[in-house]
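> After the structure tokens below, expect a handful of questions from me.
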């Protein structure tokens, strides 16, 4: 079959010259430059949007790399007040001497003098810690804690077998009573979840002093009290004296304490306990006395330091400062409160 029309019919005739458009580059020659119109700034502005004219005196825009990040605010360190550190050191020394001498008055069938001394220290603890931490229903918590302290001392003296089980039951009951008392009032109910830790610390700290009475009823317990409380008192006193002279290096800008005081205090307390161990009778030896003295001294100074951090946290949170005397009695009292069960545990393990 042949087409009915000519193959050239209806087709446009091509010129003899080359076709329009850029010619393909030949081998060995670079491509020809573009012949189109150059891209002007107007087309770029259409792509990126209109630009705002910079006014006279206005700084030019900086790129993201040139924008400086805001500098962190430098918090000035809290000043270490030397008279205050010396006063706290004197209070810690007097408290340690009173507890050690009170332990020497304890004997078989003659525990009441030591129990009265412990009860007085417990009342100081309740006063200082409730005024410093200010839990909801403050008077109720203080009253329940004082009642728990009295009952714990009576139980420590009157029980047939010296043990910590009655004190543990009293601590749990006192804590539940304090929390329920805070839940009664609607005003205090809002803050009760935030104050559970403070209430627990107050009740447990009060009961912890009762372990000293239980420890005095155990063979070699009075000697263990002497060693541990002497080491704790010496550690707290030396740590505060060192802060008055050389509060370096600062552990935190907001806490007026130095690491040198914590370390030197623990070392001096351990040394004094080792010296006492060389003068005491069996089962005490310098090594055993040094070990239990080290645990008691470290517990005391770290508890005192933790109280300083807690006070700094309350001040940074915007809470108003509490009573001056109670705030600064809190650290040594907390140190002896935790050193008491530590002394009991070390006596049970090493003696």
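In our numbering, the protein residues as written are 217 to 567.
Yeah, the Cβ is synthetic: ideal placement off N, Cα and C, and Gly gets one too.
(1) Have a look at residue 513 and residue 448 and give me their C-alpha separation to the nearest angstrom.
(2) Enumerate in chain order the residues of its own chain whose CB-to-CB distance from residue 539 is below 6 Å, with the five nearest sequence positions on each side excluded.
(3) Please state whether DSSP places residue 329 in a helix, a strand or coil.
(4) In this structure, what does DSSP give as the bridge partners for residue 471?
(5) Measuring alpha carbon to alpha carbon, tell me which residue in 429, 457, 478 is nearest residue 559.
(6) Could you tell me how far apart the beta carbons of residue 376 and residue 426 are, in whole angstroms, since I believe they sit closer than 8 Å?
(7) Could you have a look at residue 323 and say whether DSSP puts it in helix, strand or coil?
(8) Do you know whose CA, among 421, 453, 451, lies nearest residue 343's CA?
(9) Does residue 462 come out as helix, strand or coil in the three-state DSSP assignment?
(10) Indicate the three-state DSSP secondary structure (helix, strand or coil) for residue 376 in the structure shown.
(11) Assuming residue 416 is part of the alpha helix (DSSP H), what are its boundary residues?
(12) Can you give me the Cβ contacts of residue 557 inside the same chain, cut-off strictly under 7 Å, excluding the 5 residues immediately before and after it?
(13) Compare the Cα-Cα distances from residue 293 to each of 468, 541, 490, 371 and report the closest residue.
(14) DSSP state of residue 440, grouped into three classes?
(15) To which residues of the same chain is residue 386 closer than 7 Å at the C-beta, ignoring the five residues directly before and after it?
(16) Looking at residue 452 and residue 548, is the spacing between their C-beta atoms short of 8 Å?
(17) Excluding sequence positions up to five away, which residues of its chain have a Cβ less than 8 Å from the Cβ of residue 507?
(18) Taking C-beta to C-beta, are residue 319 and residue 438 nearer than 8 Å?
(19) Quick check on this structure: which residue in 296, 335, 431, 339 has the alpha carbon closest to the alpha carbon of residue 545?
(20) Compute the Euclidean distance between the alpha carbons of residue 501 and residue 411, then round it to the nearest angstrom.
(21) Can the beta-carbon of residue 454 be found less than 8 Å from the beta-carbon of residue 521?
(22) Which of helix, strand or coil does DSSP assign to residue 539?
(23) Can you look up residue 527 in the DSSP assignment and give me helix, strand or coil?
(24) Going by DSSP, what residue range makes up the alpha helix (DSSP H) through residue 382?
(25) Short check: CB of residue 445 to CB of residue 305, under 8 Å?
The answer reads as follows:
(1) Here residue 513 refers to the residue found at position 297 when the chain shown is read from its first residue. Here residue 448 refers to the residue found at position 232 when the chain shown is read from its first residue. Rounded to whole angstroms, residue 513 to residue 448 spans 4 Å at the Cα level.
(2) Locating residue 539 in the chain shown gives position 323, where the first residue counts as 1. Apart from sequence neighbours up to five positions away, the residues of its chain that approach residue 539 with a beta-carbon distance below 6 Å are 347, ordered along the chain.
(3) By 1-based counting over the chain shown, the position of residue 329 is 113. DSSP places residue 329 in helix when its eight states are reduced to three.
(4) For this step, residue 471 is matched to residue 255 along the chain shown. Beta-bridge pairing links residue 471 to 468.
(5) Along the chain shown, one-based indexing puts residue 559 at 343. Nearest to residue 559 by C-alpha distance, out of 429, 457, 478, is 429.
(6) As a working mapping, residue 376 is identified with position 160 in the chain shown. As a working mapping, residue 426 is identified with position 210 in the chain shown. The beta-carbon separation of residue 376 and residue 426, rounded to 16 Å, does not stay under the 8 Å limit for a contact.
(7) Locating residue 323 in the chain shown gives position 107, counting from the first residue. In the displayed model, residue 323 falls within a strand according to three-state DSSP.
(8) Along the chain shown, one-based indexing puts residue 343 at 127. Minimum Cα distance to residue 343 is reached at 421.
(9) The count along the chain shown starts at 1 and reaches residue 462 at position 246. Coil, per DSSP.
(10) Stepping through the chain shown from its first residue, residue 376 is reached at position 160. Collapsing the DSSP output to three states places residue 376 in coil.
(11) Indexing the chain shown from 1 puts residue 416 at position 200. Counting along the chain, the alpha helix (DSSP H) containing residue 416 begins and ends at 412-432.
(12) The residue you call residue 557 lines up with position 341 of the chain shown. Scanning its chain for C-beta atoms nearer than 7 Å, with the 5 sequence neighbours on each side dropped, one finds around residue 557 the residues 424, 427, in chain order.
(13) Against the chain shown, residue 293 aligns to sequence position 77. Nearest neighbour of residue 293 by Cα position, chosen from 468, 541, 490, 371, turns out to be 468.
(14) Here the question's residue 440 lines up with position 224 in the chain shown. Three-state DSSP puts residue 440 in a helix.
(15) Residue mapping note: residue 386 aligns to position 170 of the chain shown, counting from 1. Cβ within range, chain order: 364, 367, 368, 371, 423.
(16) Numbered from its first residue, the chain shown carries residue 548 at position 332. Numbered from its first residue, the chain shown carries residue 452 at position 236. Cβ distance < 8 Å, so residue 548 and residue 452 count as in contact.
(17) In the chain shown, residue 507 corresponds to position 291, counting from 1. Non-local C-beta neighbours of residue 507 in its own chain, meaning closer than 8 Å and more than five positions away in sequence, comprise 562, 566, ordered along the chain.
(18) As a working mapping, residue 319 is identified with position 103 in the chain shown. As a working mapping, residue 438 is identified with position 222 in the chain shown. For residue 319 and residue 438, yes; Cβs fall inside 8 Å.
(19) Taking the first residue of the chain shown as position 1, residue 545 is located at position 329. In this structure, 339 is the residue among 296, 335, 431, 339 with its C-alpha nearest to the C-alpha of residue 545.
(20) As a position in the chain shown, residue 501 is number 285, starting the count at 1. As a position in the chain shown, residue 411 is number 195, starting the count at 1. Roughly 44 Å separates the two Cα atoms.
(21) Position 238 of the chain shown, counted from the start, is the residue given in the question as residue 454. Position 305 of the chain shown, counted from the start, is the residue given in the question as residue 521. Taking 8 Å as the Cβ cut-off, residue 454 and residue 521 do not qualify as a contacting pair.
(22) Here residue 539 refers to the residue found at position 323 when the chain shown is read from its first residue. If DSSP states are grouped into helix, strand and coil, residue 539 belongs with coil.
(23) Within the chain shown, numbered from 1, the residue matching residue 527 stands at position 311. Here DSSP, grouped into helix, strand and coil, assigns residue 527 to helix.
(24) Residue 382 sits at position 166 when you count from the first residue of the chain shown. Annotation for residue 382: the continuous alpha helix (DSSP H) segment containing it runs 381-400.
(25) To locate residue 445, count along the chain shown from 1; it is residue 229. To locate residue 305, count along the chain shown from 1; it is residue 89. Here residue 445 is not near residue 305, since their CB atoms are 8 Å or more apart.
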